[in-house]
Amino acid sequence: MTGGGDFGSIIPNRFGVHETLELHEIAAFKSLCLTKAKSMQMLVSDPELKTLMQQDVQLSTRQLQELNGLLSQAIQ
Numbered sequence: 001m002t003g004g005g006d007f008g009s010i011i012p013n014r015f016g017v018h019e020t021l022e023l024h025e026i027a028a029f030k031s032l033c034l035t036k037a038k039s040m041q042m043l044v045s046d047p048e049l050k051t052l053m054q055q056d057v058q059l060s061t062r063q064l065q066e067l068n069g070l071l072s073q074a075i076q
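At position 46 of the sequence shown the residue is numbered 46 (full-length UniProt numbering), and the sequence of numbers has no breaks.
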């Protein structure tokens, strides 16, 4: 359907307010987990555990970037 109408004004955002808030909560929690993982890496002496934690930091960083992208879409 193209043309006039108020459809665009009825659904201005891609996400609902509750979904945007949930994305924000998930991003905040993931950010806290990332900070903790980075901090704990310095205390770990086991090489295998340190490798797992480094992988977790890398994965969490990518996930936070994706969440930030979704959040920016949600507020447009």
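Using N, Cα and C, we set each Cβ at its ideal position, and we do this for glycine too.
Segment contact: the segment 57-65 against the segment 16-30, three or more CB-CB distances shorter than 8 Å; contact assigned. Taking C-alpha positions only, phenylalanine 15 is separated from histidine 24 by approximately 12 Å. Distances from the CA of aspartate 56 to each of Gln76, Ile75, Met40, Asn68 were compared; the closest alpha carbon is that of Met40.
Between lysine 50 and valine 44, the C-beta spacing is below 7 Å. Residue state for leucine 43 is assigned as coil, using DSSP reduced to three classes.
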